[in-house]
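Note sheet for the following structure.
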Amino acid sequence: MLMEENKPLAPFTTFGIGGPARWFVEAASEDEIVEATNWARARGLPLFVLGGGSNLLVADRGFDGLVLRVGLRGPSVSQAAQDEPGERIYRVSAGEDWDGFVERAVRENCAGVECLAGIPGTVGGTPVQNVGAYGQEVASTIERVRVFDLQQVTFGEFSAAECGFAYRRSRFNSTDRGRYIVTRVDYRLTPWGAPTLRYAELQRAVQEGALAGKEPSLAEVAAVVRRVRQGKGMLLVEGDPDCRSAGSFFKNPVVSEEQAAQIAAATTKDPPRFPAGPDPENGGRVKLSAAWLIEQAGFAKGYALGAAGISSRHTLALINRDGASATEMLALAGQIGDAVEAEFGIRLEMEPVLVGF
């Protein structure tokens, strides 16, 4: 392993923001993960595990510890599922590019992740955040997650049921935050399965143009998803200023039906709403559009606060307009959050992980 000192972290993030890591190393194997974590433990250094850098904001002062970048790669291995002959298990190393895996699955006509095309980051981050978009979540396809336990200093595996998946949550970013390093994820996909088309915006996009009246293929749905994401500045495109973001900066809040009705009455507009999810605690609750709440609180696309701003194409994406600091990004997020709370009594929850604060 190459242990580097005072390594700039901004180039490893989609925000392009953040100071240096006191120490930095990229682990290309499970043995190197063990070696690197032992090195940090022996020196009493805090540890941060870095994946694709697409969902984090690094402090301007950087991180005073060891940043371990997970670089486990290699061709993903697919095999027929033993108990479900009509399905296929893909075993994918944590450092693999997520969108590259989606492309492979779609190319091999395996359904289950086609609506998650175009999402930046690595495979290892998908179970942590329970990555989801356009009617799909990885929780519905994950079979097993292999991890390194920093407390027990041993490797283990969790079934999907043991991961504690909920909306943008798992045990890895809640009850066991910081305890495990994901090294591999197994996905159970369906060969020749039909694409998932339950999200209204995606349904409309699919029925426009050449696909109108057709039963779209997995590849066609994935292509539509990428076009929709690009239209919102949510697809990484070189030279596009709206891409210097961490995607959706705020989570869509889950509220009671009563609170949703009160908001509709107060604004004389019906807020866009989505199912809150199958979890028992979501009974009688609904998920509201955070972007709509932000707009109703007075923030429009293109709004700027210094070098930080809101995307010109999507209100939910905060962007680094040109040389923004992490302090500026948090100031803008705080301004938006305070306004939404004052207007609706809802405190928006940030999606990105904060590092070094």
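Heads up: the sequence shown at position 116 corresponds to 112 in the working numbering, and the numbers run straight through without jumps.
Every residue, glycine too, gets a C-beta built ideally from N, C-alpha and C.
ask   = Since Glu158 is in the beta strand (DSSP E), which residue starts that stretch and which ends it?
value = The residue labelled residue 158 in the question sits at position 162 within the sequence shown. Per DSSP, Glu158 belongs to no beta strand (DSSP E) and is neither H nor E.
Proximity to Asn248 [Cα-Cα], best of Ala129, Cys111 and Leu52
The residue given as residue 248 occupies position 252 in the sequence shown. The shortest Cα separation from Asn248 among Ala129, Cys111 and Leu52 belongs to Ala129.
So, with DSSP's three-state summary, where would you put Gln199?
Indexing the sequence shown from 1 puts residue 199 at position 203. Gln199 falls in the helix class under three-state DSSP.
- [ ] Give the secondary structure of Thr150 by DSSP, where H, G and I count as helix, E and B as strand, and everything else as coil.
- [x] The residue you call residue 150 lines up with position 154 of the sequence shown. DSSP places Thr150 in strand when its eight states are reduced to three.
Requested in this report: Count the CB pairs spanning the segment 330 to 341 and the segment 27 to 34 that are closer than 8 Å, and state whether there are at least three.
Outcome: no
Self-check item: Where Asn248 falls: helix, strand or coil (DSSP)
Solution: Within the sequence shown, the letter at position 252 stands for residue 248. Three-state result, Asn248: coil.
Select from Gly330, Ile315, Ile138 and Asn169 the residue whose C-alpha is nearest the C-alpha of Arg87.
-> By one-based count along the sequence shown, residue 87 stands at place 91. It is Ile138.
**Item:** Where the beta strand (DSSP E) containing Ile115 begins and where it ends
**Value:** Translated into positions along the sequence shown, residue 115 becomes position 119. Taken as a continuous stretch (DSSP letters only), Ile115 belongs to no beta strand (DSSP E), as it is neither H nor E.
Practice prompt. Measure from the alpha carbon of Ala272 to the alpha carbon of each residue in Ala256, Ala262 and Ala260, then state which is nearest.
Written response: Counted from its first residue, the sequence shown places residue 272 at position 276. Ranking Ala256, Ala262 and Ala260 by Cα distance to Ala272 puts Ala256 first.
Query raised in the report: The beta strand (DSSP E) spanning Val181 covers which residue range?
Result: Taking the first residue of the sequence shown as 1, we reach residue 181 at position 185. Residues Tyr176 to Pro187.
Under 8 Å: do the segment 296 to 310 and the segment 222 to 233 share three or more Cβ pairs, one atom per stretch?
yes
> Are the CB atoms of Thr192 and Ala293 nearer to each other than 9 Å?
Replying inline: For the purposes of this step, residue 192 is taken as residue 196 along the sequence shown, with counting starting at 1. For the purposes of this step, residue 293 is taken as residue 297 along the sequence shown, with counting starting at 1. The answer is no: Cβ separation not under 9 Å.
How should Lys283 be labelled, buried or exposed, when 16 other C-beta atoms within 10 angstroms of its C-beta is the threshold for buried? One-based indexing of the sequence shown puts residue 283 at position 287. Looking at its Cβ environment, which holds 16 or more other Cβ atoms inside 10 Å, Lys283 is buried.
| field | Asn2 (DSSP reduced to helix, strand or coil) | value | Counted from its first residue, the sequence shown places residue 2 at position 6. Strand.
If you count every other CB in all the chains shown that lies within 10 Å of the CB of Pro348, and 16 or more means buried, which is it?
-> Position 352 of the sequence shown holds residue 348. Buried, since its Cβ has 16 or more Cβ neighbours within 10 Å.
Bridge-paired residues (DSSP) for Asp93 = In the sequence shown, the residue the question calls residue 93 occupies position 97. In the DSSP output, where bridge partners are listed per residue, Asp93 has Thr118.
| query | What's the C-alpha gap between Ala322 and Leu328? | reply | Residue numbering aside, residue 322 sits at position 326 when the sequence shown is read from its first letter. Residue numbering aside, residue 328 sits at position 332 when the sequence shown is read from its first letter. Distance between the alpha carbons of Ala322 and Leu328 is about 10 Å.
*Could you tell me if Met325 is buried or exposed, where buried requires 16 or more neighbouring beta carbons within 10 angstroms of its beta carbon?*
Numbered from 1 along the sequence shown, position 329 holds the residue referred to as residue 325. Buried, because 16 or more other Cβ atoms sit within 10 Å of the Cβ of Met325.
Query raised in the report: Helix or strand or just coil, what does DSSP make of Met325?
Result: Here residue 325 refers to the residue found at position 329 when the sequence shown is read from its first residue. Looking at Met325 - three-state DSSP - the assignment turns out to be helix.
Might you give, ordered along the chain, the residues of its own chain that have their beta carbon closer than 6 Å to the beta carbon of Ser244, omitting 5 neighbours on each side?
The residue given as residue 244 occupies position 248 in the sequence shown. Same-chain partners within the cutoff: Leu312 and Glu347.
Name, in chain order, the residues that DSSP records as bridge partners for Arg133.
The count along the sequence shown starts at 1 and reaches residue 133 at position 137. Before going further, note that residue 133 is Glu rather than Arg in the sequence given. DSSP lists Gly128 as partners of Glu133.
*DSSP state of Asp236 mapped onto helix, strand, coil*: For the purposes of this step, residue 236 is taken as the residue at position 240 of the sequence shown. Three-state DSSP puts Asp236 in coil, outside helix and strand.
(message) Within the continuous alpha helix (DSSP H) that includes Ile315, where are the two ends?
(response) Your numbering for residue 315 matches position 319 in the sequence shown. From DSSP, Ile315 is part of no alpha helix (DSSP H) but of the beta strand (DSSP E) over Leu314 to Asn316.
| Sub-9 Å separation of Ala6 and Val66 beta-carbons | Position 10 of the sequence shown, counted from the start, is the residue given in the question as residue 6. Position 70 of the sequence shown, counted from the start, is the residue given in the question as residue 66. Taking 9 Å as the Cβ cut-off, Ala6 and Val66 do not qualify as a contacting pair.
Following the continuous beta strand (DSSP E) through Ile138, name the residue where it begins and the one where it ends. The count along the sequence shown starts at 1 and reaches residue 138 at position 142. Unbroken beta strand (DSSP E) run through Ile138: Ile138 to Asp145.
- Enumerate in chain order the residues of its own chain whose CB-to-CB distance from Arg18 is below 8 Å, with the five nearest sequence positions on each side excluded. Numbered from its first residue, the sequence shown carries residue 18 at position 22. Counting only Cβ-Cβ distances below 8 Å, and skipping sequence neighbours, we find Glu1, Asn2, Leu41, Gly58, Phe59, Asp60, Gly61 and Leu62.
Contact check, Ala218 vs Val102, beta carbons under 9 Å
On the sequence shown, position 222 is the one that residue 218 refers to. On the sequence shown, position 106 is the one that residue 102 refers to. Yes, the pair counts as a contact, with Cβ atoms nearer than the cut-off.
* Asked: If you draw a straight line from the alpha carbon of Ile115 to that of Trp94, how long is it in whole angstroms?
  -> Your numbering for residue 115 matches position 119 in the sequence shown. Your numbering for residue 94 matches position 98 in the sequence shown. Looking at the two C-alpha atoms, the distance is approximately 7 Å.
request  = Can you give me the Cβ contacts of Arg222 inside the same chain, cut-off strictly under 8 Å, excluding the 5 residues immediately before and after it?
outcome  = Residue mapping note: residue 222 aligns to position 226 of the sequence shown, counting from 1. Ala113, Gly114 and Leu231, listed in sequence order.
So if DSSP puts Pro369 in a beta bridge, which residue, or which two residues, is it bridged to? Beyond the ends of the chain as shown, which are -3 and 353, falls residue 369; an answer cannot be given.
#### Entry: Buried/exposed call for Arg37, threshold 16 Cβ in 10 Å
On the sequence shown, residue 37 is found 41 positions in, with the first residue counted as 1. Exposed: under 16 other Cβ atoms inside 10 Å.
Taking CB distances under 9 Å as the criterion, tell me whether Thr311 reaches chain C.
Among the chains in the structure shown there is no chain C, since it carries only a single protein chain.
Closer than 8 Å by C-beta to Gly131: which residues in its own chain qualify, once you throw out the five before and the five after it? Chain order, please. Translated into the one-based positions of the sequence shown, residue 131 becomes position 135. Closer than 8 Å at Cβ, skipping near neighbours: Cys111, Thr192, Leu193, Arg194, Tyr195 and Leu198.
Review point. Considering only the beta carbon of each residue, do Ile315 and Ala304 sit closer than 9 Å?
Key: Here residue 315 is taken as the residue at index 319 of the sequence shown, counted from 1. Here residue 304 is taken as the residue at index 308 of the sequence shown, counted from 1. Yes, the pair counts as a contact, with Cβ atoms nearer than the cut-off.
*asked:* So if DSSP puts Ser241 in a beta bridge, which residue, or which two residues, is it bridged to?
replied: To locate residue 241, count along the sequence shown from 1; it is residue 245. According to DSSP, Ser241 bridges with Ile315.
Look at the alpha carbon of Phe270 and the alpha carbon of Arg39, and state the distance between them as a whole number of angstroms.
Against the sequence shown, residue 270 aligns to sequence position 274. Against the sequence shown, residue 39 aligns to sequence position 43. Each residue's alpha carbon lies about 48 Å from the other.
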